[in-house]
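Report on the structure given below.
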Amino acid sequence: MKRYLLGTAALSTAAGAAALLALAMPAMAGGKTKIDFWYGNSGHISEVVQQVCKNFNDSQQDYTIVCTSQGSYAAAVQNTIAAYRAGQQPTIVQVFDVGTLDLMLSDAYYPASKLMADEGYKVDWNNYLPGIRGYYATSKGEMYSFPFNSSTALLYWNKDAFQKIGKTAAPATWEEAAEDMKALKAAGYACPFGFDITADESWQFLEQFSAVNNEPLATKDNGYGGLDAELVFNKTKFVKYITDLKSWYDQGLAVIKDEQAGQDMVAAFASGDCQMILTSVGDHGTVGSTAKPGMNWSVAMLPVYEGVKRHSSLVGGASLWVLAGKSPEEYKAAAAFLNFIAQPEQALFWSTNTGYIPVTKTGYDYMVSHGFYDDPKYKGREIAIASLTASDELSATHGTRMGGFLQIRNEVANGWQAIFANKVSVQEGIDGMVERGNAILRRFEATYKGKQLP
Amino acid sequence: MEKRALFSNKWLGVALITPQILLVFTFFYWPTGQALFWAFTLERPWGGGNEWVGLHNFASMLGDPVYWASVAKSMVFAFATTGFGMGLALVLAILADRELRGFRVYRTVLVWPYAIAAPALGLAFRFILAPQAGFMAFLNHVWPGSWDPVLNGLDAMIAIIIAYVWKSIGYNFIFFLAALQAIPKSLIEAAAMDGSGILRRIKDIQVPLLTPTIFFLIVINLTDSFTDSFGIVDIMTQGGPARATELMVYKIFFDGFKGLDYSGAAAQSIILMLLVIVLTFFQFRYVERRVHYK
Amino acid sequence: MVERTPILDIVSQVLLFLGLLTSLLPMSVIVIAATHDIWTVNQVPMPLIPGHDFWKNVTEAWIRADLGPKILNSIVFALGVAAGKVSIAALSAFSIVYFRYRGKMVVFWLIFITLMLPLEVRIVPTYAVAANALSPYQTILDLTGITWLVHQATGVQIALKWGLLNSYTGLILPLIATATGTFLYRQYFLTLPDELTEAARMDGAGAIRFFFDVIIPLSRTNMAALGTIMFVWAWNQYLWPLLVTTDAAHGTAVTQLKELIPQHFGIPDWNVAMAGTLIVMLPPLIVVILMQRWFVRGIVATEK
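Line by line, the protein sequences give chains L, Y and D.
The first sequence begins at 1 in our numbering and counts up by one.
The second sequence begins at 455 in our numbering and counts up by one.
The third sequence begins at 749 in our numbering and counts up by one.
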């Protein structure tokens, strides 16, 4: 059967002169296999990713990786889907936590554990930190993607301010934190505790809080056990937490700081305006580079409620997925790249240049032995690792495996915005989040009818 | 609207429009048709299955009071931005058209806002409208609590309207100015000779001759503010606080582009398109009657 | 312009000046941000007295985002889109206003409806078309059985393929269809007196000559306005250029600019990002200035 290519000329008249200016596709340089890697980071982090890619390209002769920022996590996923459905997908893509489940339920990927076994790499998957492994592994404990940029939430506190109220340590419980806020307020600080109520903050106020306090978000092991999970966080300590937060807000102990108010909470902390915030360890470098000169500050684990045994906090960030439909050579290249970034030296490079944490034990040990955590610039970041490994057993919220989770986070934000604007009571607001969130879960379940969670 | 004097060569007319038709068919209707088909299914984003559900997506959407609230907000936003954006631009264009001292500077600078890139626009307005720090902090200093877009839905709506109008003035201004320039000087001079003053001439000559452009801008502005406003919402408020700025198109963008609910976004898109088509139809039917083409 | 009206002139000047200030205010915030160092730019409120790092930031943005070649790409892209839109819109509107054929209004509406659905929502199938612009026609041939018939009759398997990814054609062509432009010209053509057409026909001029000799010269101001707006619009496009140019070397200035925007957990170097914004904004601002030369007062009386 002969195949003819027709029609190139047919439409090019309509295209006019522009059609003649076609750009050349990048050539396969010197017989090397070229693969694409699409990611969502931007700004300075994108530059570090580019440097990682360059280091890989310089480290060997056989493969070239071309890394392209898609500008945001959502765009990276969306653009990859578009490309995948047109048969033009990159070999590796970075997928953020809330985009994971759609991909996991599709046929579009090559499972990480299988790829590495097929390509002859021996990977000790238990080397990944438990909090990270618990988040990304399937219910059967298999890893389908490679944890990449990872972080966890910490309490940032201003040592100078705490010294004024006679304290040298950060509060370990919320009861203690409430006393500290009152003392800070009495000492003349306008913003003892800064917080934010946008959708992104669901990650720490709902998800991280539930993890460290060992409270579930949903039935079925937070969704790991099946797509028919139902949200239950309107019956957990989360209600008490929001009730407390609201009362601290009403007393002027906790102040809303977000971008729209002109100053987000990280900036508010760095400038010395707010004395405590909860945010990602990823902001450690930001605070360091923008803090008021001479300000003494540190980080601590998230507070828990009194009487609660602290559990490991959650990982946040994104992981790398290898997509289906590529050639054996491309998979070889992908495995080589993923093996490269899993090396301890790369963990040190990555964490030195970004605020992200190492994802493996060997990476962490390597950084410790190289004195990374003794450097005053990075001191305190080891608390993130301590927080991720605070308990041996997995907490009720060791992760979230729920579909439409971005929309659920949006419902959470809508709910507490209404609570803080005094439109609804705390319980009504949280019931509303759960009710609308469950509708999203049922819709997702119907979309994947007949599919089993791996 | 129909001209009396037409060319009789029917096929030439068809040939002239064919390139555009080929383009819109290939790059709009073909892909859009597929995307909108998903409204009647539950589409999996990575492919591999889409269950036919008939009108289920529409039923669950239209049965949700939250959806109707977002329709109302979209209307408010569209009419407010169109009204302010066009009104201010018209006044400025008429003044700039008078060629007073420095008119070249005005003509240039008043178009510039349209050229600003989205991330910069968000940053600048965040600075200007921030209640605790920016220029609006002054307002809060004089009347404490008067400006709070973080928790007050009305203030947040005003903030996105201001940012959108600011950008659209440049767009409207340039088309108004182009139309004003097309009005022959002789006409205005003749009217002046007859003793009618400037304001009179604006009302009797310039505005009637501008009606084709005004009509054009009303239709385009309304359509754009319904369908092209998600970027500003995304940068400034993300639909909050508590859905106060959740415009229909932002919800479509959020569900479809960010949240991967292709079917839900498709169903919402169909409703939005129908709404805008009906609105546009009424404008052509009733508003265009008042346009003076001759 | 004709008589002296001092009070009205003062009022006009004041209003225009206020408009000028309002237009420049957000931009001045960007300019000031671009002069600060990273620490100052993150202060709240940001100091409005300019800092000293302007050139440093501009240089860093220029190098980091590789703006030189990207701006060249953007110029080709935006000029292509603007020129394409201006000409295709003129042709379409000419056809709709000056000819009579069945389905004319349907065609106008079909063009108009393209305004109503943002690319973000139809990105998946649109990308498939960009990967092979002839795929719709292939599908039609397949579905109608023509592919099969031709194959049976001649042994030739029809496989239409025209990939647009990583090409200027792919960047420009899908964005050229324009409802705004067609509508604008329609409005303008409808105001042109019928006598013009009649006179041209009396002279024996056909439609094409009438279009080039009469319509185009008369439309100069509108074309300048439309061309400017479309240039700026295309210049600021983000999602489409990002998708079709997977090869970083062929990206546009605005896609590069987005890469400068600080992300959470990254260093918040808004000073560099704003310096980059200024550079990227410059070409559109220059186009707006140049456009003024085309704004010439009308000479033909459009009324009877």
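Where a beta carbon is used, it is the ideal one built from N, C-alpha and C, also for glycine.
All of these numbers come straight from a predicted model, not from anything done at the bench.
Inset, instruction - Mind listing the chain L neighbours of T691 of chain Y? Cutoff is C-beta to C-beta under 9 Å, in chain order. - result: Q260
Inset, instruction - Starting from N158 of chain L, follow its DSSP beta bridges and name the residues at the other end. - result: L:W297
Inset, instruction - Leaving aside the five residues before and after Y448 of chain L along the sequence, list all residues of the same chain whose C-beta is less than 8 Å from its C-beta, in chain order. - result: L105, L227 and G403
Inset, instruction - Report yes or no: do three or more beta-carbon pairs, one from the segment 707-719 of chain Y and one from the segment 854-871 of chain D, lie closer than 8 Å? - result: yes
Legend entry - Proximity test, Cβ basis, 7 Å: K712 of chain Y and chain L: yes
Legend entry - Distance between beta carbons of E215 of chain L and T397 of chain L, contact taken as under 8 Å: 7 Å
Inset, instruction - Give the single residue among L:Y224, L:R133, L:N414 and L:W248 whose Cα lies nearest to the Cα of E428 of chain L. - result: L:N414
Inset, instruction - Flag this pair as yes or no: are the beta carbons of Q417 of chain L and P603 of chain Y separated by less than 7 Å? - result: Result no, Cβ atoms of Q417 of chain L and P603 of chain Y do not sit closer than 7 Å.
Legend entry - Y84 of chain L in three-state terms, based on DSSP: helix
Legend entry - C-beta neighbour in chain Y for A324 of chain L, strict 7 Å: no
Legend entry - Residue from L:G371, L:W174 and L:M276 with nearest C-alpha to Y189 of chain L: Of the listed residues, the one whose Cα sits closest to Y189 of chain L is L:M276.
Legend entry - A876 of chain D at chain L interface by Cβ criterion, 7 Å: A876 of chain D has a beta carbon lying within less than 7 Å of a beta carbon in chain L.
Legend entry - Interface flag, S760 of chain D vs chain Y, CB-CB below 7 Å: yes
Legend entry - 7 Å Cβ cutoff, N790 of chain D in contact with chain L: For N790 of chain D, the nearest beta carbon of chain L is closer than 7 Å to its own beta carbon.
Legend entry - Proximal residues, the segment 774-801 of chain D versus chain L, C-beta separation under 8 Å: I786, W787, N790, Q791, V792 and P793
Inset, instruction - Tell whether a beta-carbon distance below 7 Å holds between K164 of chain L and A178 of chain L. - result: no
Inset, instruction - Just the C-alpha distance for A997 of chain D and L882 of chain D, rounded to the nearest angstrom, thanks. - result: 26 Å
Inset, instruction - Starting from N1019 of chain D, trace the beta strand (DSSP E) both ways and give me its first and last residue. - result: From DSSP, N1019 of chain D is part of no beta strand (DSSP E) but of the alpha helix (DSSP H) over W1018 to M1039.
Inset, instruction - Name the residue from Y:I674, Y:A526 and Y:G503 whose alpha carbon lies nearest to the alpha carbon of E700 of chain Y. - result: Y:A526
Legend entry - 6 Å CB neighbourhood of K220 of chain L in its chain, flanking five on each side removed: G226 and A229
Inset, instruction - Return helix, strand or coil for S683 of chain Y, following the three-state DSSP convention. - result: coil
Legend entry - Test: V872 of chain D CB closer than 7 Å to a CB of chain L: yes
Legend entry - 6 Å Cβ shell around Y73 of chain L - same chain, five flanking residues per side excluded: Contacts found: G40 and F96.
Legend entry - Reduced DSSP category for W321 of chain L - H, G, I as helix; E, B as strand; rest coil: strand
Legend entry - Residues bridged to K34 of chain L [DSSP beta-bridge criterion]: The partner list for K34 of chain L (beta bridge, DSSP) reads L:T64.
Inset, instruction - Using a Cβ cut-off of 7 Å (strictly closer), state whether L542 of chain Y contacts chain L. - result: no
Legend entry - Distance between beta carbons of I861 of chain D and T934 of chain D, contact taken as under 8 Å: What sits at residue 934 of chain D in the sequence shown is Arg, not Thr. Contact doesn't hold; Cβ gap of about 15 Å is too wide.
Legend entry - Neighbouring residues, chain D, relative to E47 of chain L (Cβ below 8 Å): R812
Inset, instruction - Could you please give the first and the last residue of the uninterrupted alpha helix (DSSP H) stretch that includes G537 of chain Y? - result: P519 to D551
Legend entry - Given 8 Å, three or more beta-carbon pairs between the segment 233-243 of chain L and the segment 104-118 of chain L: no
Legend entry - Closest residue to F461 of chain Y among D:G952, D:R848 and D:L772 (Cα-Cα distance): D:R848
Legend entry - Endpoints, the alpha helix (DSSP H) within which A907 of chain D is located: That residue, A907 of chain D, is in no alpha helix (DSSP H); its beta strand (DSSP E) goes V904 to L908.
Inset, instruction - With 7 Å as the threshold, decide whether the Cβ of T536 of chain Y is near any Cβ in chain D. - result: At a cut-off of 7 Å between C-beta atoms, T536 of chain Y does not count as an interface residue with respect to chain D.
Legend entry - chain L residues whose Cβ lies nearer than 7 Å to that of W500 of chain Y: I81, Y84, D102, L103, S106 and A108
Inset, instruction - Compare the beta carbon distance of F684 of chain Y and P922 of chain D with 7 Å and say whether it is the shorter of the two. - result: no
Inset, instruction - Quick one: grab the DSSP three-state call for I357 of chain L. - result: Of the three classes helix, strand and coil, the one that applies to I357 of chain L here is coil, per DSSP.
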